[in-house]
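Under mature numbering (1 follows the signal peptide of the UniProt record, and there is no 0), the letters of the sequence shown match residues -28 to -1, 1 to 586, in that order. Down below is the structure, laid out as structure tokens.
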Amino acid sequence: MSTENTTRTKIMLLQILLSCTLAVLAHGTNDIDYINSLGASWTAGKNFEDGFEPALGLAPGYRPLPPSDDMIYDTAEDIPESFDPREQWPDCYTVKEIRNQGCCGSCWAFSASEVISDRICIASKNKEQVEVSAEDVLTCGGAGTCQGGWPSSVFSYYIKSGVVSGGLYQSKKGCQPYVITGDHPCASYVPTPKCQKSCIEGYNRTYTQDKHFGSKSYGVRVSDVQRELMTNGPVSATFSVYEDFFAYKTGVYHHLTGAVKGGHAVKLMGWGVENGVNYWLVANSWGEVFGEKGYFKIKRGNNECGFEVILSSILTVNLAHGSNNVIDYVNSLDTTWKAGKNFADDYRPGLGLLSGYKPRAPSSDIIYDTNEDIPQSFDPRQQWPDCYTVKEIRDQGCCGSCWAFAASEVISDRICIASKSKQQVEVSAQDVLTCSNTGDCGGGAPNFVYDYYIKSGVITGGLVDSHNGCQPYTITGRHPCKEYVDTPKCNRTCIEGYNRTYTQDKHFGSKQYGVSVKDAQRELMTNGPISAGMLVYSDFYNYKSGVYQHVTGDVEGAHVVKLMGWGVENDVDYWLVANSWGTVFGEQGYFKIIRGTNECLFENGGFETVASLR
């Protein structure tokens, strides 16, 4: 045979091996009888109706992720003879779920989505149950189509863009359930559905709010895979599918007859021994009609069908916010900010913006001098240096009272600014939290605080243990904080020794109004800080310096902060913001967030503030 013919033959064999076309095995009675006559470690049977061909979908050229040297396993722990995650984590329902990719070569999307779903539950100790949407991954992830894709690319999408929830076909569960049926004759792949960045009607979150994020994807060596499975849960595996595999019913599969039909991605779950044969326990994505109610076992230890190459997995972000893994991951990226450990592992910073909050509409009565140039940067601490509250960082402690703090701080600053520093008032967040009936330690909204300021008035009150003002704050921020404390009771009196009564200490505002994003800079320069709402992702807890933008992690909740100014750092436009988590957070209590991109919905619908002094 000539060199040219030999080369052509090799290319043809390679194309067959990596083909993503539908398998066309006629798994009829003769084939099944032949396999069952061999006395092998598995039994064949009819899994699918005539005319239905199960889909594959591993795209040509797939390479698994490289192993990570950061993943260290306890080698002193014995490897048991068998391991089944359905028994290890019985409360994680996705671990036991069998999905069906239907007439679409989306095995890559299903394998990765299932691994992510399981690992979110396992890492959160069953507290977070997320059925990751294979529909979203398939249509919006940019990692493949119904003609094939790669699970490793899905893990990248999970880290960078986030994934949403979504159940099985016709389940109406989650943001985006799967839309491709798996029960009709399947002679060819269906077209890939279009990307829809929205949730189904009736779902109680938006597409953006439903996002979940990972922190790091990595390969797993075969020598480490059992410890990885026991520690972190299922991994993604790929292998070559032969014709006889479509007739697998029970037992430990190994190739007996038939040609290679293509590459396939599955969820590797565990291992065991059956009749003296070592096997891997695997979940397929062809529905429960296949194999052992959707599962199969494949021979372990001999790289059957190329199964034992480097496997791919993902670290979820359900790690403690102080975890070195999260910090190291953020700092390994070429991003605009640095991460660090702001809090102890058992301390959870408070959030507290109620869902559905919308700032007031901008006021037509507020007119700005549009002839005045907008400077490149503005810092109210320099503009009004005699107003001490402008420079003050407070700490809401173990209470979801950010709404009370942001509004109290804005009012305090604006009283000083409007009076040209003659009136220095540290508004009591304690009084706002406990007596305004506008929220509690479970959350609230700043617009109601501004109403309270106008109609009922606010009193003075300093930080915890400060003894300043009528009612200082009473909730400490330094003890272990795993959940919010109960809201203190309203007490319409001042602390002992204060020289005014509760009523005498009242201060009143005149008008509250919204501020559009385009007017925010002029409003800040003219009248002072304003309140802003934002989504908080888990990586934000580790912000140390620079200009924050979301890198990794799930949405933890919504938060209200004091927007003070703006600037540019390393050519990145930012907003300057005061948080209410104490000076241990970020840049001595402050943070910068990217400006102009609606990062974390910071610029979503504008801002809110109040005119101080009647």
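Glycine included, C-beta positions come from ideal geometry on N, C-alpha and C. Since this is a predicted model, take the numbers as computed values, not measurements.
Are W80 and P32 touching if we call contact CB-CB under 8 Å?
Taking the first residue of the sequence shown as 1, we reach residue 80 at position 108. Taking the first residue of the sequence shown as 1, we reach residue 32 at position 60. No; because the gap between Cβ atoms is not below 8 Å, this pair is not in contact.
Would you list the one or two residues that DSSP bridges to N250?
Numbered from its first residue, the sequence shown carries residue 250 at position 278. According to DSSP, which records beta bridges pairwise, N250 is partnered with V245.
My assumption, with CB atoms under 8 Å, is that N250 sits in contact with R272. Please give the rounded CB distance.
For the purposes of this step, residue 250 is identified with residue 278 of the sequence shown, where counting begins at 1. For the purposes of this step, residue 272 is identified with residue 300 of the sequence shown, where counting begins at 1. Indeed, because the Cβ distance is near 4 Å, the residues count as touching under 8 Å.
Please state if the CB of A255 and the CB of E495 are separated by a distance shorter than 8 Å.
Taking the first residue of the sequence shown as 1, we reach residue 495 at position 523. Taking the first residue of the sequence shown as 1, we reach residue 255 at position 283. For E495 and A255, no; Cβs fall outside 8 Å.
So, at 6 Å on beta carbons, what are the nonlocal neighbours of G223 in its own chain, with the 5 sequence-adjacent residues on each side left out?
Within the sequence shown, the letter at position 251 stands for residue 223. Around G223: S13, W14, T15.
How should V540 be labelled, buried or exposed, when 16 other C-beta atoms within 10 angstroms of its C-beta is the threshold for buried?
Walking along the sequence shown from the start, residue 540 turns up at place 568. V540 is exposed by the Cβ-count criterion.
Which residue's Cα is closest to the Cα of I387: G429, L405, T406?
Along the sequence shown, read from residue 1 onward, the residue named residue 387 stands at position 415. It is G429 whose Cα lies nearest to the Cα of I387.
Residues in the same chain with beta-carbon distance under 6 Å from V194, minus the five sequence neighbours each way, listed in chain order, please.
Indexing the sequence shown from 1 puts residue 194 at position 222. Once the five neighbours on either side are set aside, the close Cβ partners of V194 are E280.
Just to confirm before moving on: does the CB-CB distance between E103 and T153 stay below 8 Å?
Here residue 103 corresponds to residue number 131 of the sequence shown, with the count starting at 1. Here residue 153 corresponds to residue number 181 of the sequence shown, with the count starting at 1. The answer is no: Cβ separation not under 8 Å.
Using the three-state DSSP reduction, which class does Y562 fall into: helix, strand or coil?
Taking the sequence shown and counting its residues from 1, the one referred to as residue 562 is at position 590. Three-state DSSP puts Y562 in a strand.
Let me check understanding here. Comparing Cα to Cα, which of G11, A219, R91 lies closest to I4?
Here residue 4 is taken as the residue at index 32 of the sequence shown, counted from 1. Considering only alpha carbons, the answer is A219.
Please classify V(-5): does DSSP put it in a helix, a strand, or coil?
Translated into positions along the sequence shown, residue -5 becomes position 24. Bear in mind that a pLDDT of 33 at V(-5), under 50, signals an unreliable position, so the model cannot answer this.
Return the Cβ separation of K188 and G134 in integer angstroms, given the expectation that the two are a contact with Cβ distance under 8 Å.
Within the sequence shown, numbered from 1, the residue matching residue 188 stands at position 216. Within the sequence shown, numbered from 1, the residue matching residue 134 stands at position 162. Actually they are not in contact, since the Cβ atoms of K188 and G134 sit about 15 Å apart, beyond 8 Å.
By alpha-carbon positions, which one of A237, L253, F185 ends up nearest to M202?
Counted from its first residue, the sequence shown places residue 202 at position 230. Out of A237, L253, F185, L253 has the C-alpha closest to the C-alpha of M202.
Let me know the secondary structure DSSP gives V298 once reduced to three states.
In the sequence shown, the residue the question calls residue 298 occupies position 326. It is helical.
Under the assumption that V487 contacts F350 (Cβ atoms under 8 Å), give the Cβ distance between them as a whole number of angstroms.
Taking the sequence shown and counting its residues from 1, the one referred to as residue 487 is at position 515. Taking the sequence shown and counting its residues from 1, the one referred to as residue 350 is at position 378. Rounded, the Cβ-Cβ distance is 15 Å, inconsistent with contact.
Measure the beta-carbon distance from S400 to T432 and round it to whole angstroms, keeping in mind my assumption that it falls under 8 Å.
As a position in the sequence shown, residue 400 is number 428, starting the count at 1. As a position in the sequence shown, residue 432 is number 460, starting the count at 1. Sure, about 6 Å apart at Cβ, within 8 Å.
For N576 and F420, I'd like the C-alpha separation in whole angstroms.
As a working mapping, residue 576 is identified with position 604 in the sequence shown. As a working mapping, residue 420 is identified with position 448 in the sequence shown. Their Cα atoms are separated by approximately 19 Å.
Can you tell me which residues form a DSSP beta bridge with I270?
Translated into the one-based positions of the sequence shown, residue 270 becomes position 298. Paired residues: Y225, W252.
Ordered along the chain, which non-local residues of its own chain (more than five positions away) have a Cβ less than 7 Å from that of G554?
Counting from one through the sequence shown, the residue named residue 554 turns up at place 582. Counting only Cβ-Cβ distances below 7 Å, and skipping sequence neighbours, we find I365, D367, G449, G561.
For H479, write down the residues that DSSP places opposite it in a beta bridge.
The residue you call residue 479 lines up with position 507 of the sequence shown. Partner(s): V430.
Is it right to say C480 is buried, meaning 16 or more other beta carbons lie within 10 angstroms of its own, or is it exposed?
Numbered from its first residue, the sequence shown carries residue 480 at position 508. According to the sequence provided, residue 480 is Phe. The question's Cys does not apply to it. F480 should be labelled exposed.
Report, in whole angstroms, the separation of the C-beta atoms of Y422 and A379, which I expect to be a contact under 8 Å.
The residue given as residue 422 occupies position 450 in the sequence shown. The residue given as residue 379 occupies position 407 in the sequence shown. Yes, they are in contact, since the Cβ atoms of Y422 and A379 sit about 6 Å apart, within 8 Å.
Count the other C-beta atoms from every protein chain shown that fall within 10 angstroms of the C-beta of P52, then say buried if there are 16 or more, exposed otherwise.
The residue labelled residue 52 in the question sits at position 80 within the sequence shown. P52 comes out exposed.
Could you tell me which of G234, N72, Q521, Y6 sits nearest to D306, measuring between CA atoms?
Locating residue 306 in the sequence shown gives position 334, where the first residue counts as 1. Here the closest residue by C-alpha is Q521.
How about T581 and I502: do their beta carbons lie closer than 8 Å?
Locating residue 581 in the sequence shown gives position 609, where the first residue counts as 1. Locating residue 502 in the sequence shown gives position 530, where the first residue counts as 1. A contact, by the Cβ cut-off of 8 Å.
What separation, rounded to the nearest whole angstrom, lies between the Cα atoms of F262 and F20?
If you number the sequence shown from 1, residue 262 lands on position 290. If you number the sequence shown from 1, residue 20 lands on position 48. In a straight line, the C-alpha of F262 is about 7 Å away from that of F20.
I'd like to know if the stretch 502 to 511 and the stretch 111 to 122 are in contact, where contact means that at least 3 CB-CB pairs between them fall below 8 Å.
At 8 Å Cβ cutoff, the stretches do not touch.
Determine, using beta carbons only, whether G235 and S257 come nearer to each other than 8 Å.
Here residue 235 is taken as the residue at index 263 of the sequence shown, counted from 1. Here residue 257 is taken as the residue at index 285 of the sequence shown, counted from 1. Cβ atoms of G235 and S257: not closer than 8 Å.
Give the DSSP bridge partners of Q484, in chain order.
As a position in the sequence shown, residue 484 is number 512, starting the count at 1. According to DSSP, which records beta bridges pairwise, Q484 is partnered with V582.
Roughly how many angstroms lie between the CA atoms of F574 and Y161, to the nearest whole one?
Within the sequence shown, residue 574 is the residue found at index 602, counting from 1. Within the sequence shown, residue 161 is the residue found at index 189, counting from 1. Looking at the two C-alpha atoms, the distance is approximately 42 Å.
Would you mind giving the Cβ-Cβ distance between G29 and G121, rounded to the nearest angstrom? I have them listed as a contact below 8 Å.
Start at 1 with the first residue of the sequence shown, and residue 29 comes out as number 57. Start at 1 with the first residue of the sequence shown, and residue 121 comes out as number 149. 7 Å between Cβ atoms; contact.
For Q354, which option in P321, D345, I389 has the closest C-alpha, if you only look at C-alpha atoms?
Stepping through the sequence shown from its first residue, residue 354 is reached at position 382. For Q354, the nearest C-alpha among the options comes from I389.
Please state the DSSP three-state secondary structure of V421.
The residue labelled residue 421 in the question sits at position 449 within the sequence shown. Reduced to three states, the DSSP call for V421 is helix.
Can you tell me the Cα-Cα spacing of E260 and E69, whole angstroms?
Numbered from 1 along the sequence shown, position 288 holds the residue referred to as residue 260. Numbered from 1 along the sequence shown, position 97 holds the residue referred to as residue 69. Approximately 10 Å, taken between the alpha carbons.
Pick from Q198, N440, H531, C147: whose alpha carbon is nearest that of G174?
In the sequence shown, the residue the question calls residue 174 occupies position 202. Cα-wise, what sits closest to G174 is C147.
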